[in-house]
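Each residue of the sequence shown is one higher than the one before, counting from 0 in numbering that gives the first Met the number 0.
Okay, structure first, notes after.
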Amino acid sequence: MILINTNKKYKKEKTFEGKLKQVCYLRCVKAGQSQNILFMGLGKKKELKLNQLREALIQAAAKLGGAKVPSFTFHLGGVAVDCDCHEYLAQAVTESLVLPLYQFSKFKKDALQNSGVKAVTLAVDSADALKAGKKGADKAGKIIDACNLVRDLVN
0 MILINTNKKY KKEKTFEGKL KQVCYLRCVK AGQSQNILFM GLGKKKELKL
50 NQLREALIQA AAKLGGAKVP SFTFHLGGVA VDCDCHEYLA QAVTESLVLP
100 LYQFSKFKKD ALQNSGVKAV TLAVDSADAL KAGKKGADKA GKIIDACNLV
150 RDLVN
């Protein structure tokens, strides 16, 4: 109920309208517990393409990385894009969420403290989606490792 009322409030105030790549991050603390919510704009549902989803996820990951969020979860089942393959969707989402989190901190003293996101979780709806999602996430992991190695070498 709080989420629905908050969403209506933001739409009314035009703080968050759901436009493509629009991000609104809420930090909610209640009695020692925190539940943070990130609203991510994807534009019109019928017009959403996989590359647009990638761009929006990159924005969202950068926002979460900057906010030093220790972990976050993304639900793959709630996304309707022009790609029906769970494996490719999981690969694209994983790449888009993890690649912006890269930090070169080998020579920084304070690098281990407050280093940001430690875990990204992808949630799926079925066993078939889980199997395909694991394959896609594994492929993405190899690509991410290669990109980060190149970044390290350049730095």
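The beta carbon of each residue, even a glycine, is placed where N, CA and C say it ideally should be.
Note that the structure is a prediction, hence the values are computed from the model and not measured.
- For LEU52, the enclosing alpha helix (DSSP H) stretches over residues 49 to 65.
- Taken through DSSP and simplified to helix, strand or coil, CYS84 comes out as coil.
- Taking a C-beta distance under 9 Å as the contact criterion, TYR101 and CYS27 do not qualify as a contact pair.
- Distance from the Cα of PHE103 is smallest, within the candidate group VAL68, GLY115, GLU94 and TYR24, for GLY115.
- Here ARG26 is bridged, per DSSP, to ASN35.
- Secondary structure at SER95: helix, using DSSP grouped into helix, strand and coil.
- Contact check between the region 57 to 65 and the region 81 to 101: three or more CB pairs, one atom from each, fall below 8 Å, which counts as touching.
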